[in-house]
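Just so you know, the sequences run in chain order A and B. Note that the first sequence covers residues 123 to 409 in our numbering. Note that the second sequence covers residues 8 to 433 in our numbering. Have a look at the structure below, then the notes.
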Amino acid sequence: MTFRSSTKALLVAASLTVAAAAPAFAAGKGAQIERQSWSFSGITGQFDEAQLQRGFAVYRQVCASCHGLTRVAFRQLAEAGGPNFPEEEVKALAQEYEVAGPVDDDGEATTRPARLADTFPPLYPNVKAARAAHGGAYPPDLSLITKARGVPHPEGVVTHTLTMARDMVTGYQEGGADYVKALLVKYQDPPEGVEEKDGLYYNAAYPGNWIAMAPPLLDDMGLYGDNPTVPETATQYAKDVSAFLYWAADPKHDVRKQTGWLALIYLLITAVLLYITKRAIWKKVKH
Amino acid sequence: MSGHADTYQPVGPVSKWLDKRLPIGRMMHNQFVDFPTPKNLNYMWTFGGILMFCLIVQIVTGIVLAMHYVAAESMAFDSVQHIKRNVNYGWLIQPLHAVGASMFFVAVYLHIFRGLYYGSYKAPREVLWILGVFIFLAMMATAFLGYTLPWGQMSFWGVTVITNLFSAIPFVGESIVTWLWGGYSVTGVTLNRFFSLHYLLPFVIFGLVILHVWALHVAGQNNPTGVEPRSASETVPMSPYAVLKDVFALVVFVILFAWFVFFAPDYLGHADNYIPADPLVTPAHIVPEWYFLPFYAILRAVPDKLGGVILMFAAIAVLLFIPWLDTSRVRSTKFRPIYKWFFWLWAFSAVALGYLGAMPAEGAYVTWARIFTFIYFAHFLLVMPIVGVIETPKNLPRSISEAVLRRDSGSGVGFGDAVPASPEKR
Chain A
123 MTFRSSTKAL LVAASLTVAA AAPAFAAGKG AQIERQSWSF SGITGQFDEA
173 QLQRGFAVYR QVCASCHGLT RVAFRQLAEA GGPNFPEEEV KALAQEYEVA
223 GPVDDDGEAT TRPARLADTF PPLYPNVKAA RAAHGGAYPP DLSLITKARG
273 VPHPEGVVTH TLTMARDMVT GYQEGGADYV KALLVKYQDP PEGVEEKDGL
323 YYNAAYPGNW IAMAPPLLDD MGLYGDNPTV PETATQYAKD VSAFLYWAAD
373 PKHDVRKQTG WLALIYLLIT AVLLYITKRA IWKKVKH
Chain B
8 MSGHADTYQP VGPVSKWLDK RLPIGRMMHN QFVDFPTPKN LNYMWTFGGI
58 LMFCLIVQIV TGIVLAMHYV AAESMAFDSV QHIKRNVNYG WLIQPLHAVG
108 ASMFFVAVYL HIFRGLYYGS YKAPREVLWI LGVFIFLAMM ATAFLGYTLP
158 WGQMSFWGVT VITNLFSAIP FVGESIVTWL WGGYSVTGVT LNRFFSLHYL
208 LPFVIFGLVI LHVWALHVAG QNNPTGVEPR SASETVPMSP YAVLKDVFAL
258 VVFVILFAWF VFFAPDYLGH ADNYIPADPL VTPAHIVPEW YFLPFYAILR
308 AVPDKLGGVI LMFAAIAVLL FIPWLDTSRV RSTKFRPIYK WFFWLWAFSA
358 VALGYLGAMP AEGAYVTWAR IFTFIYFAHF LLVMPIVGVI ETPKNLPRSI
408 SEAVLRRDSG SGVGFGDAVP ASPEKR
């Protein structure tokens, strides 16, 4: 093939791959959701341990009263690449939770304190019980929330395509965290002429805008202990808990990206060596 | 091609012993070491090997995943999460398989594109091409069945929508759908049988691939000029020449593959599939995986359900007939001044249909989908037969060697004005 047609072929390849991403992150239309700068953003990003620890504090003291985290095991809280709490602390924390134990000799169900290997116990026996406890609204489990939500792509074929291309090149995967953070801080009064709805709150980030969850975060809730290293604002809480939930949904994130760099360096060196070899072999052939 | 000189020399007593009883070493040597390949192949010819690699990756990762996956309605979603969170290297194997499916389609679309551009479907490669279309169909079926298995919202509703299409078939449609589902709705029964078939079909693909490679090694490879090699000096042995080139291209392809696996494993998927399947909640937009989008757009471009289904399947079935629909005397689009423009218009339409498939089926999107669907079919049914007859192709090089020499001396297009266009078999 001539250079020109190779280039064309590459363009087709690129546009095929760009078209690939069209459906990604199309989870519902809300207001524009600003992209945050996360420590784990992009292809080199890694979690900020301190932020994950703060985020867990927010989850535990605020979110956990209604939202489960049933796919996360206690042991993971003590792992590197996560909040990395001291193991003893996590053991003590786990013991505060009751989980189902073995059936006893009389055939009765028992409970026991949770251990490191256990996951967070469910808050509700089933969805109906959860709805009944919250006036009909179902507080979703948060284990995967940052993967199950995203930011809508901009409208229009050109901006859409450019956004997809940029996201592919930069490895943008944080749409769910951006969405959760926006949702937590975008409670506001409904715009002029929009009627209040009973038992619902207006939220500019939520698809459809009316959400059953009351604004959960306020400034100065005192969630970060005696000597907080960051300002105790609702925005900071929202950011930290979103980061924590991003980890909860993707606990192997750090090791995956680290391995990715090793793999990429290995592949690039191999590719160069192969190319040199290929050139040497083909040198005598007119082709 | 298959008639080239046999140079195999068994080395050592075991090889000699085996060669008299089952000459598998001789076959491998003749077909994959000594096999003559045209010396002017470009990198578009490396996707065959890349696709073989993709198939093996899918089978190997798939077998490992199946050891941990549970194909039951209440556990499928959880078991995938279990793989990603708890199984050793599950965080790597699961995205290798999921991203691998997408990469398989990237490669197969480029492979098909190359075949179309250089006329690789024309005589004597019709059977080779038709086998390829069947492989493509089997791949689509496998990918569709596989997308069911994570049992997320998009899995569930994707299956519901696509299997429901069969209900458009007159008289027996409803019965077929009930038979596919194993009941009156998509349930764990459906999931279980889809898992079984998803495990079966890759081996069917493997069998078809063996036939595809066999047919290739009978007819020999096409090349960018579309002129058959005339002498041994126009070919090089597959090893080391083509092998090295293929391996280099493969590693470059794996870099792209690794990019998605390690840095953007969810980029090619849909967020809704991280919500467990719920028959009571329909997602706002049900969209298939990206590689089905052009066909999905064709389906929705037709106002009638049965018509849409027929056209969607016809979009692939038409490929079976192009060896005879294309009336051109020359293979390669490079030498076809008129057809070239239609070809790129068709390629653009296919990509545009992909975009439209991801958009809601309303307003201008539908209008455009209809226009591009028309172009898609008109290309095969009108352009291929008509342009082939009315077009005067550029003068073909007499041989591959001449094409190489002319290019190197910088004389550009009109290869040897004195040389008449060599008529090829239609």
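A virtual CB, placed ideally from N, CA and C, is assigned to each residue, including glycine.
Can you tell me the Cα-Cα spacing of residue i and residue j, whole angstroms?
i	j	result
E317/A	P272/B	42 Å
F163/B	V259/B	35 Å
I393/B	F111/B	34 Å
L123/B	F196/A	55 Å
I142/B	L218/B	10 Å
S356/B	P353/A	54 Å
H409/A	E235/B	15 Å
K91/B	D240/A	17 Å
V396/B	I165/A	52 Å
P29/B	A368/B	Note that residue 29/B is Leu in the sequence shown here, rather than Pro. Going by the C-alpha atoms only, they are around 58 Å apart.
P244/A	C185/A	13 Å
Y281/B	A239/B	56 Å
W98/B	K374/A	7 Å
M147/B	T283/A	25 Å
V221/A	V194/A	14 Å
M34/B	A175/B	49 Å
Y323/A	T381/A	43 Å
Q65/B	A108/B	7 Å
N349/A	E201/A	24 Å
A321/B	F270/B	37 Å
P312/A	N331/A	9 Å
D376/A	I387/A	17 Å
I323/B	T340/B	21 Å
Taking C-beta pairs closer than 8 Å, name the residues in chain B that residue i reaches, listed in chain order.
i	result
I387/A	Under the 8 Å cutoff, chain B gives no residues; its nearest Cβ is about 11 Å from I387/A.
L305/A	Those do not exist, as L305/A stays about 14 Å from chain B at its closest Cβ, beyond 8 Å.
T381/A	L99, F269
D289/A	A271, Y274
L390/A	I262
CB-CB under 8 Å to residue i, same chain, minus the five flanking residues each way: which ones, in chain order?
i	result
G32/B	Y15, P17, S22, L25, D26
A143/A	Note that A143/A scores a pLDDT of 39, beneath 50, so its modelled location is shaky; the value from the coordinates is reported in the next line. Once the five neighbours on either side are set aside, the close Cβ partners of A143/A are M286, D289, M290.
E398/B	S335, R343, P344, I345, Y346
P177/B	L313
Pull up the CB-CB distance for residue i and residue j, whole angstroms please, since I reckon it's below 8 Å.
i	j	result
L103/B	V268/B	6 Å
P131/B	A226/B	5 Å
V193/B	V166/B	5 Å
W353/B	Y383/B	7 Å
G126/B	P283/B	Going by Cβ atoms, the distance from G126/B to P283/B rounds to 48 Å, so no, they are not a contact pair.
Under 7 Å Cβ to Cβ from residue i, same chain only, skipping five residues before and after it: list those, please.
i	result
V411/B	N47
A360/A	K303, L306, V307, L339
F60/B	L257
Residues of chain B with a CB under 7 Å from the CB of residue i: which are they?
i	result
I165/A	F270
V279/A	Y362
Listing by chain order, which chain A residues have their CB less than 9 Å from the CB of residue i?
i	result
I345/B	Within 9 Å Cβ-Cβ: nothing; I345/B doesn't reach chain A, min ~17 Å.
K27/B	In chain order: nothing, as chain A lies at least about 33 Å away.
Q88/B	R193, S265, L266
Who are the neighbours of residue i on chain A, taking C-beta pairs under 7 Å?
i	result
F255/B	A393, L396, Y397, K400
A304/B	Per Cβ cutoff of 7 Å: no residues; A304/B is ~11 Å from chain A at best.
Grab me the residues of residue i's own chain with a C-beta within less than 6 Å of its C-beta, minus the 5 sequence neighbours each way, in chain order.
i	result
Q101/B	I90, K91
A146/A	Any answer about A146/A is weak, because its pLDDT of 37 lies below 50 and its placement is not dependable; what the coordinates show is given next. Answer for A146/A: no residue qualifies.
L327/B	I137, V140
List the residues of chain B that residue i touches, going by C-beta distances under 9 Å, in chain order.
i	result
M343/A	Simply none; closest approach about 29 Å.
A270/A	G159, Q160, A278, D279, N280, Y281, I282
V302/A	Residues of chain B passing the Cβ test: none, with the nearest at roughly 12 Å.
Find the residues of chain A that neighbour residue i, judging by a C-beta separation of less than 8 Å, and give them in chain order.
i	result
K6/B	There is simply no residue 6/B to check, as chain B begins at 8 and stops at 433 in what is shown.
* Is there contact here, the region 217-235 of chain A with the region 261-274 of chain A, by at least three beta-carbon pairs under 8 Å? -> no
* Residues of the region 395-409 of chain A whose Cβ lies closer than 8 Å to any Cβ of chain C, in chain order -> The structure shown contains no chain C; its protein chains are A and B.
* **contact_flag[the region 50-60 of chain B, the region 245-265 of chain B] where n(CB pairs < 8 Å) is 3 or more** => yes
* For the region 360-379 of chain A and the region 158-170 of chain A, state whether three or more C-beta atom pairs, one from each stretch, are separated by less than 8 Å. => yes
* Three or more C-beta pairs below 8 Å linking the region 197-209 of chain A and the region 388-399 of chain A -> no
* Okay, do the region 397-416 of chain B and the region 224-240 of chain B touch, 3+ Cβ pairs below 8 Å being the bar? -> yes
* Asked: Do the region 137-152 of chain B and the region 197-212 of chain B touch if we need at least three Cβ pairs shorter than 8 Å?
  -> yes
* **Contact between the region 61-73 of chain B and the region 168-175 of chain A (3+ Cβ pairs under 8 Å)** => no
* Do three or more CB pairs link the region 299-314 of chain B to the region 184-191 of chain B at distances below 8 Å? -> no
* Does the region 35-47 of chain B come close enough to the region 242-252 of chain B to have 3 or more Cβ pairs within less than 8 Å? -> yes
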